[in-house]
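Last residue of the sequence shown? That's 1411 in this note's numbering, and every number before it is there in order.
Ideal Cβ placement from N, Cα and C applies to all residues, glycine included.
Note that the structure is a prediction, hence the values are computed from the model and not measured.
Heads up: the structure comes next, in structure tokens.
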Amino acid sequence: MSEFPDLNEAAVRRPPGPPPAEGPLPLRRSASAFEALRDAADEAADQPTVRIIALGPLDEHADRATFARNLFAVAGIRAVDGDLDSLDSDGPVVLCGSDDRYAAEAARAASSLKASGAGWVVLVGKPGDDEAAWQAAGIDEFLHPGIDVVEVLGRALDWCGVER
């Protein structure tokens, strides 16, 4: 479309488009990837579990802890409260706190958890400028809106020893 049409303009030649597909398009359920994760968790001998380690008082970690609990529940993974000083397994551990609390304690907490045998340490929140330092301290993953949920939950199930 132009404000100055050219009545003598040559017509544009367009190559033909691809032929229409024969038969119906294959059906694909959007939820199938999530259902596969949940089915794998349900079929596991032991219910997969992650430990939530709260940094700071409830008002500083409640939102992120709830986000993490709900996210892991999608794949049938139970989130239980843990204690930074008494880790009793090598399974996944999730750190929850405020940004200010993370700045003060996340690196120390991650190092302590790794030294205690935690296999997979996750921090709830975007890492921002602290990503490299936190990874060096032992944080393996960051949970926040925008992540590939299926990939992250798949890794969580792997760390819980669930066969998929």
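On the CB-based measure, 16 or more other CB atoms within 10 Å of its CB, does V1259 come out buried or exposed?
V1259 should be labelled exposed.
Quick check on P1295: buried or exposed, where buried means 16 or more other Cβ atoms within 10 Å of its Cβ?
Buried, because 16 or more other Cβ atoms sit within 10 Å of the Cβ of P1295.
Return the CA-CA distance between L1370 and R1275, expressed in angstroms with no decimal places.
Spanning the two alpha carbons is a distance of roughly 33 angstroms.
Cβ-heavy atom distance between D1347 and the ligand ADP below 6 angstroms?
The model on display carries no ligand, and the ligand ADP is accordingly not part of it.
Which of the three DSSP states is assigned to L1330 in this structure?
According to the sequence displayed, residue 1330 carries Asp and not Leu. Of the three classes helix, strand and coil, the one that applies to D1330 here is coil, per DSSP.
Given a cut-off of 7 angstroms, decide if W1406 and D1387 are closer than it, judged by their beta-carbon atoms.
Contact: no.
Within 10 Å of its beta-carbon, does H1419 have 16 or more other beta-carbons around it, so buried, or fewer, so exposed?
Nothing can be reported for residue 1419: it is not among the residues displayed for the chain, which extend from 1248 to 1411.
In angstroms, rounded to a whole number, what distance separates the CA positions of E1398 and G1408?
In a straight line, the C-alpha of E1398 is about 15 angstroms away from that of G1408.
Looking at V1396 and P1339, is the spacing between their C-beta atoms short of 7 angstroms?
Taking 7 angstroms as the Cβ cut-off, P1339 and V1396 do not qualify as a contacting pair.
Counting only runs of 3+ residues fully inside the stretch 1268-1340, write out the beta strand (DSSP E) ranges in chain order.
Taking only runs of at least 3 residues, the beta strand (DSSP E) segments lying wholly in the stretch 1268-1340 are 1296-1301, 1325-1328.
State the CB to CB distance for the pair A1354 and A1380, rounded to an integer number of angstroms; the pair is presumed to be in contact (CB under 8 angstroms).
That pair is a contact at about 6 angstroms.
Considering just the uninterrupted stretch of the beta strand (DSSP E) at V1369, what are its terminal residues?
Unbroken beta strand (DSSP E) run through V1369: 1367-1371.
Going by DSSP in three states, E1388 sits in which element: helix, strand or coil?
Here E1388 sits in strand by DSSP.
According to the neighbour-count rule (16 or more other Cβ atoms, all chains shown, within 10 Å of its Cβ), is V1327 buried or exposed?
With fewer than 16 Cβ atoms within 10 Å of its Cβ, V1327 is classed as exposed.
Ordered along the chain, which non-local residues of its own chain (more than five positions away) have a Cβ less than 6 angstroms from that of E1352?
Closer than 6 angstroms at Cβ, skipping near neighbours: L1302.
Taking C-alpha atoms, which residue in A1268, D1330, N1255 lies nearest to A1356?
Ranking the options by Cα distance to A1356, first place goes to D1330.
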